[in-house]
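Below is one structure; the comments refer to it alone.
2 protein chains.
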Amino acid sequence: MRAAFYISDGTAITSEVFGHALLSLFPMEFEHYTIPFVETVEQALETKNKINKSSKRSGEPPLVFHTFVKPEIREIIDSCDAIIYNFLEHFINPLEQQLGVKAKPKAHRTHSIHENSYDFRIDAVNYALANDDGGNISNYEHADVILVGVSRSGKTPTSLYLALQYGIKAANYPFTDDDMDELQIPDFLKKHKKKLFGLTIDAQRLIDIRHNRLSNSKYSSARQCRMEVREVEKLYKKEKIPFLNTTKLSVEEITAKILSETKLQRYKY
Amino acid sequence: MRAAFYISDGTAITSEVFGHALLSLFPMEFEHYTIPFVETVEQALETKNKINKSSKRSGEPPLVFHTFVKPEIREIIDSCDAIIYNFLEHFINPLEQQLGVKAKPKAHRTHSIHENSYDFRIDAVNYALANDDGGNISNYEHADVILVGVSRSGKTPTSLYLALQYGIKAANYPFTDDDMDELQIPDFLKKHKKKLFGLTIDAQRLIDIRHNRLSNSKYSSARQCRMEVREVEKLYKKEKIPFLNTTKLSVEEITAKILSETKLQRYKY
Chain A
2 MRAAFYISDG
12 TAITSEVFGH
22 ALLSLFPMEF
32 EHYTIPFVET
42 VEQALETKNK
52 INKSSKRSGE
62 PPLVFHTFVK
72 PEIREIIDSC
82 DAIIYNFLEH
92 FINPLEQQLG
102 VKAKPKAHRT
112 HSIHENSYDF
122 RIDAVNYALA
132 NDDGGNISNY
142 EHADVILVGV
152 SRSGKTPTSL
162 YLALQYGIKA
172 ANYPFTDDDM
182 DELQIPDFLK
192 KHKKKLFGLT
202 IDAQRLIDIR
212 HNRLSNSKYS
222 SARQCRMEVR
232 EVEKLYKKEK
242 IPFLNTTKLS
252 VEEITAKILS
262 ETKLQRYKY
Chain B
2 MRAAFYISDG
12 TAITSEVFGH
22 ALLSLFPMEF
32 EHYTIPFVET
42 VEQALETKNK
52 INKSSKRSGE
62 PPLVFHTFVK
72 PEIREIIDSC
82 DAIIYNFLEH
92 FINPLEQQLG
102 VKAKPKAHRT
112 HSIHENSYDF
122 RIDAVNYALA
132 NDDGGNISNY
142 EHADVILVGV
152 SRSGKTPTSL
162 YLALQYGIKA
172 ANYPFTDDDM
182 DELQIPDFLK
192 KHKKKLFGLT
202 IDAQRLIDIR
212 HNRLSNSKYS
222 SARQCRMEVR
232 EVEKLYKKEK
242 IPFLNTTKLS
252 VEEITAKILS
262 ETKLQRYKY
């Protein structure tokens with residue numbers, strides 16, 4: 002299998018995203034290796050050694066995705082027995098011309114602590130945890146968004162993703178069996194109605210997920226799941242709560258759709 | 002301020018990472034706009050309209066970062082009154098030649114649900130929540146890693162990030178004041194010693210963080226914070242637990258360093 006290396010002087014997240022976006026276009030499997038924090042000439046030489054060994058072992062030159070801008074490191078990596086891809090160098094010159102400003106490369110640019118954004122994110126994680134699953138119904142005035150939906154429709158992972166990635170304070174409140182007789186927005190949520198965002202899910206997928214957690218229960222029964230989904234969707238439509246079916250969506254996609262529909266302010270870009 | 006647009010037929014996360022990595026090289030501020038899920042010609046025309054309006058309003062052509070490969074969408078975006086950057090097109094041809102395989106572009110490639118990886122991640126999030134802050138000391142045999150450290154040294158956000166991004170099951174256990182008299186690895190952690198990873202933090206930063214939560218308490222006192230940090234670092238060294246000072250690191254950086262040091266298997270790449 003062809004090896005792919007993602008290397009950087011920071012987390013290498015940018016190199017990973019860059020490499021994956023490209024490799025995902027090809028109907029092949031790759032062996033992935035990430036080497037973060039290559040910050041010194043010594044570390045670069047060590048990395049070169051690893052890459053060259055991999056090349057020898059497999060008989061095929063590895064694909065190396067990096068974003069180094071420091072010349073002394075870049076030269077070492079570029080001299081590996083590998084196919085080198087660095088998207089920055091293709092775009093720096095045109096951008097410099099366009100902006101009329103010279104690039105000022107610094108290490109640890111993109112995924113390190115920036116003033117402001119860091120505390121926002123940790124605060125948002127703490128908020129999401131304290132306000133998960135209806136944990137604190139008197140704290141919604143601080144929420145940026147309140148996700149509602151039946152149990153296992155994706156509220157908790159989405160709340161945490163909103164917090165960790167964007168510093169957005171997301172509470173979530175579950176509609177349970179007890180709410181279903183005459184489902185309505187609870188009083189303590191009514192005054193925050195503009196912050197509500199509904200999640201829903203196909204009944205069959207919900208049955209499967211709940212079955213894996215608690216098989217042969219009312220909670221996971223087909224009848225119960227179908228009823229709960231039907232009732233919450235009726236509520237969303239009646240109350241004009243924006244909502245989203247999460248069945249085929251990843252956490253990233255659910256989050257992107259919520260951000261796009263609500264025009265929520267991100268604290269980190 | 003110059004406007005930057007990040008556009009895609011999926012979450013636009015790749016376009017954002019691509020654009021940010023480039024723009025972070027320049028000592029300037031930008032206005033950021035993300036437009037995800039541009040999947041149809043109609044949506045592309047709507048997006049073009051937004052970009053052209055922004056161009057007119059500011060008198061400067063916006064910078065547009067995209068990763069479209071579908072020709073009918075790409076042509077519309079490329080015809081905007083804007084400076085267009087698409088890193089894919091620079092690399093597809095060389096990669097095709099290198100791999101001897103034609104690229105097979107699909108929409109929603111990189112941040113959508115892939116078989117396997119999705120359930121891993123949700124399971125890992127549930128695991129992290131159930132095993133946060135020493136919540137369940139009898140469940141460590143399922144942990145991939147167990148983060149230990151004093152309160153507010155970064156354990157919880159890191160556990161959640163490991164789960165959400167990589168599907169890694171991270172428990173975390175806090176050393177509290179009660180443990181400090183004769184700090185040692187608790188019995189229930191001893192048999193999982195190989196999974197332990199320690200976090201530490203500069204005492205002054207810890208004082209600040211704790212002071213923000215609970216000012217004028219023993220918990221946030223300089224003396225207490227200094228003592229706790231000193232004791233856990235002594236323990237890490239004595240027991241040869243790998244550890245990391247999180248003071249100046251983002252969650253992404255802490256995670257990348259843990260992955261790199263422990264060689265933990267990622268469930269999602």
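Top to bottom, those sequences are chains A and B.
Counting in our numbering, the first sequence runs from 2 upward without gaps.
Counting in our numbering, the second sequence runs from 2 upward without gaps.
No residue lacks a Cβ here, since even glycine has one placed at the ideal position from N, Cα and C.
This one's a predicted model, so the numbers in the text were calculated from it and none came from an experiment.
{"Asked": "What's the call for Val42 of chain B, buried or exposed, on a 16-neighbour Cβ count within 10 Å?", "Found": "exposed"}
{"Asked": "If you run the structure through DSSP and keep just helix, strand and coil, what is Gly150 of chain A?", "Found": "strand"}
{"Asked": "At the 8 Å Cβ level, is Met2 of chain A part of the contact set with chain B, yes or no?", "Found": "no"}
{"Asked": "State the beta-bridge partners of Ile85 of chain B as determined by DSSP.", "Found": "B:Val65"}
{"Asked": "Taking a cut of 8 Å between CB atoms, which residues from the segment 33-44 of chain A lie near chain B?", "Found": "His33, Thr35, Ile36, Pro37, Phe38"}
{"Asked": "Quick one: measure Cβ to Cβ for Ile77 of chain A and Ile85 of chain A, integer angstroms, because I've assumed they're closer than 8 Å.", "Found": "Contact flag wrong, Cβ pair sits at about 11 Å."}
{"Asked": "Could you tell me how far apart the beta carbons of Phe27 of chain B and Val70 of chain A are, in whole angstroms, since I believe they sit closer than 8 Å?", "Found": "Not a contact, Cβ separation roughly 12 Å."}
{"Asked": "Quick check on Ile138 of chain A: buried or exposed, where buried means 16 or more other Cβ atoms within 10 Å of its Cβ?", "Found": "exposed"}
{"Asked": "Would you identify the three-state DSSP class for Ala204 of chain A, choosing helix, strand or coil?", "Found": "helix"}
{"Asked": "Could you tell me how far apart the beta carbons of Leu148 of chain A and Asn173 of chain A are, in whole angstroms, since I believe they sit closer than 8 Å?", "Found": "4 Å"}
{"Asked": "I'd like to know if Lys194 of chain B contacts chain A, where contact means its C-beta is closer than 8 Å to some C-beta of that chain.", "Found": "no"}
{"Asked": "Is Phe121 of chain A helix, strand or coil when you go by DSSP?", "Found": "helix"}
{"Asked": "If you reduce the DSSP assignment to three classes, tell me which class Arg214 of chain B lands in.", "Found": "helix"}
{"Asked": "Please say whether Ala125 of chain A and Ile93 of chain A have beta carbons closer to each other than 8 Å?", "Found": "no"}
{"Asked": "Between Phe38 of chain A and Gly20 of chain A, is the Cβ-Cβ spacing less than 8 Å?", "Found": "no"}
{"Asked": "With distances taken from CA atoms, which of B:Ser160, B:Ser25, B:Leu96, B:Phe189 is nearest Arg3 of chain A?", "Found": "B:Leu96"}
{"Asked": "Going along chain B in order, which residues have a C-beta closer than 8 Å to the C-beta of Pro28 of chain A?", "Found": "Val102, Lys105"}
{"Asked": "Looking at Lys258 of chain A and the ligand SAM, is the gap between the Cβ and the nearest heavy atom below 7 Å?", "Found": "Inclusion of the ligand SAM in the displayed structure is not the case, the ligand content being empty and no account of it being possible."}
{"Asked": "Provide the residue span of the beta strand (DSSP E) that contains Asn53 of chain A, from first to last.", "Found": "Segment 42-59 is the alpha helix (DSSP H) holding Asn53 of chain A; no beta strand (DSSP E) there."}
{"Asked": "Since Ile123 of chain B meets chain A, which of its residues come closer than 7 Å, beta carbon to beta carbon?", "Found": "Pro158"}
{"Asked": "Starting from Gly168 of chain A, follow its DSSP beta bridges and name the residues at the other end.", "Found": "According to DSSP, Gly168 of chain A bridges with nothing at all."}
{"Asked": "Which residues bound the alpha helix (DSSP H) around Phe19 of chain A?", "Found": "14-24"}
{"Asked": "Taking 8 Å as the CB-CB cut-off, is Leu165 of chain A touching chain B?", "Found": "yes"}
{"Asked": "On a CA-only basis, which of B:Glu262, B:Met181, B:Lys258 is nearest Glu229 of chain B? Give me that one, please.", "Found": "B:Met181"}
{"Asked": "How long is the line joining the alpha carbons of Ile255 of chain B and Arg122 of chain A, rounded to whole angstroms?", "Found": "14 Å"}
{"Asked": "From Asp188 of chain B to Thr159 of chain B, what distance separates their C-alpha atoms?", "Found": "24 Å"}
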